[in-house]
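Right, one structure below, let's go through it.
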């Protein structure tokens, strides 16, 4: 190799390093979007978004963050929260834990000095890895409908909020629904259920509590793992076919869901006896399976649809003006998008609650945390928000960072989801001691002294 | 015939210059970041680069110096991480530092175990046997709750980082801890490579029959390489869990991680110590640089998903470009640049 060529290569390497090093130093080079351009620096409320739009879970990430961003755009179009506009910056995680941590560190402080409200990684793995960091940095970590179950106990996890539905409530609600279908929860005795779960922290989170519930109701449960990402499930479904259960609970995520439905069809297991959990409940989970998905049941906290007044407002003020975040506008009003909107509503409401106490200005993460803990969304507030039926009434406290714990069931008719049940409540008093015991063990391992929730 | 043939040892004509650069680099690594560092620099850049370098060094000893191919690096990292966790949790009196070392020793024991096939098979067949380790270890770790202390989701959470009573639980503290361990182990590995043991590895790599003919036992040499390599990988895995992420799950040590370590040594340079650091820096920094550059240049106009996919394409293309342009890795590139530079200096001196 000639010297000139090697020198040019070297220059290229040097150039790479030069690009990289300033990046390390000025961590928030990523464009801060939203109100940042039109507002004085530091005067907006900032959200770091650890989003994911590529990889096997892209459908979930792009829908969720699309809905979240569109809702924030709506708030900005309406003049912000009591005059405080919202801003945000994005970083791609690909649902990968290391990238998620890098994104957390890159984005946790805004480029213009606006205070950070909360992080919403929408990934159990990333949430686990940033839990300590969030607590140390005093930034609330929002894990809506997922996350670490024992973080429901706010006395041990002051900065973590598994809003609406933690994984245990999810399973308990499904058992209650299966009980209703059987004609009473006591009729479950002797029945067989298979849980097909995603081989990840998220997928395994409920294995322990499923055993507890199974023992309580006298159900035989078989748990079968599908390794990430789950695009091959032939052997798992043959096993299911052999054991021939009454119900299959599908605890899937991303590409695993349509593959499960298709494979079930192939081995001859009926779709209307498969119940998808909260991350197996979107159009993107059912539609790709085509006919095989017809009759598939799943739970939801946030029905799809565009008829909710709040979605109509987003359509008028954001989508129709060409500012929508979705690259495919047809996904407006789908399950993931609506979850993003719900997440936006809850974050903004928490800031509203906190502003009522601390003043109408951009708030620190610590102050927003107080807002989340004192969140109280009742029927009247839901009506004012235009989100009746989209969000469940929610009341949080120091000891309860979940709040709701209810789900509705929906069924796929081949083209869309139809809601087939009213709100089904989880057996939260039954779950609470398990959650507290787990939180206590965590506190012991980490040397945390729990807060006294009776005092606040 | 008692002595080894000379070319096996790579003797550099100018040993003073690299030594000078190495010492400058160590001093810089120890002091510079603390002067200019931010949380981001420490916990998102420097710590993962250092740990990947150590893992690369581990694999490089096995592959680059002893010539044994392996795709099981992440499995040994997983063993190190989980062994460290369980020793620290269950055995009283084991501080974190002691647990990390013990975790490395356990990883070394498993390295010898999974290295046994190397006594009979070579090349692609050996890859298949290390691949078995790669699939078996994460499976076993997630199958039995004992390894994760019965945690519901199978994720272990790191205890607070302390050293002799001092808390190092800040980004800078974690960096210092990682740097100290990586520096000491790199120094030890370097001395080992330049000792008769290292020369025996290279002899086996270049031609094991010839090595046997001059009195080196290929079996023992290979297994020793597996042990040392797995020890370093195990320590890297423990650091990955305890000083970098703070949590770890078996799936975090999947085949992708093994490939990542393999890319580190291929891009950095096989049979080189410096190459591991260059390769690790390259593989960590390039995607971040691309993402920052992409966001800054075309961020507002382009669809974010399209931008992400374009970055992946560019990343892949750049790796192929570097490999084609310099198959011996970044270390050779740097070597040549340094030599050119010193020859310039030499010339200007001779003119005076």
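Chains as they are written, first to last, in our numbering: chain A, 1 to 456; chain U, 457 to 808. Just so it is clear, CB atoms sit at the ideal spot from N, CA and C, and this is done for glycine as well.
Here residue 194/A is bridged, per DSSP, to 222/A and 248/A. Residue 575/U and residue 672/U have their alpha carbons spaced roughly 14 angstroms apart. Per DSSP, the beta bridge partners of residue 92/A are 51/A. Using a Cβ-Cβ cut-off of 8 angstroms, residue 744/U counts as an interface residue toward chain A, since at least one Cβ of chain A sits closer than that to its own.
Residue 208/A: member of the alpha helix (DSSP H) spanning 207-217, first to last residue. Considering only beta carbons, the part of the region 676-706 of chain U lying closer than 7 angstroms to chain A consists of 701, 702, 703 and 705, in chain order. Residues of the same chain with a CB within less than 7 angstroms of the CB of residue 385/A, apart from the 5 flanking positions on each side, are 310 and 345 in chain order. With a 10 Å radius around the Cβ and a threshold of 16 neighbouring Cβ atoms, residue 238/A comes out exposed. Residue 765/U belongs to the set of residues whose beta carbon lies under 8 angstroms from a beta carbon in chain A. Between the region 193-211 of chain A and the region 607-620 of chain U there are three or more inter-stretch CB-CB distances shorter than 8 angstroms, so the stretches are counted as touching.
Looking at 785/U, 734/U, 744/U and 754/U, the one whose alpha-carbon comes closest to that of residue 102/A is 744/U.
Here the region 238-253 of chain A makes contact with the region 266-283 of chain A; the two share three or more CB pairs at distances below 8 angstroms. Put simply, the CB of residue 784/U is far from chain A, with every gap to its CB atoms at 8 angstroms or more. Here DSSP, grouped into helix, strand and coil, assigns residue 391/A to strand.
Residue-level contact by beta carbon holds for residue 200/A and chain U, with a gap shorter than 8 angstroms. Put simply, the CB of residue 610/U is near chain A, with a gap under 8 angstroms to one of its CB atoms. Residue contact check for residue 324/A against chain U: no CB pair falls below 8 angstroms. Inclusion of residue 150/A and residue 399/A in the CB contact set at 8 angstroms is not warranted, their separation being larger than that value.
Nearest in C-alpha terms to residue 57/A, of all of 437/A, 140/A, 112/A and 252/A, is 252/A.
Close partners of residue 53/A in chain U (Cβ separation under 7 angstroms): 760, 761 and 764.
The beta carbons of residue 587/U and residue 645/U sit no closer together than 8 angstroms. Ranked by Cα distance from residue 589/U, the options 739/U, 679/U, 494/U and 710/U are led by 710/U. Going by beta carbons, residue 703/U and residue 614/U fall inside the 8 angstroms limit. In the displayed model, residue 174/A falls within a helix according to three-state DSSP. Inclusion of residue 500/U and residue 106/A in the CB contact set at 8 angstroms is warranted, their separation being smaller than that value. Counting along the chain, the unbroken alpha helix (DSSP H) around residue 73/A starts and ends at 58-77. Within 7 angstroms of the CB of residue 708/U, the CB atoms of chain A belong to 97, in sequence order along the chain. Among the residues of chain A, those whose CB is under 7 angstroms from the CB of residue 499/U are 105, following chain order. Only exposed fits residue 449/A, as fewer than 16 other CB atoms lie within 10 angstroms of its CB.
In its chain, beyond the 5 residues on either side, 319 have a beta carbon closer than 8 angstroms to the beta carbon of residue 329/A. Excluding five sequence positions before and after residue 279/A, the CB atoms of its chain that fall closer than 6 angstroms to its own CB belong to 253, given in chain order. Counting C-beta pairs closer than 8 angstroms gives fewer than three between the region 506-519 of chain U and the region 540-550 of chain U, which falls short of the contact rule.
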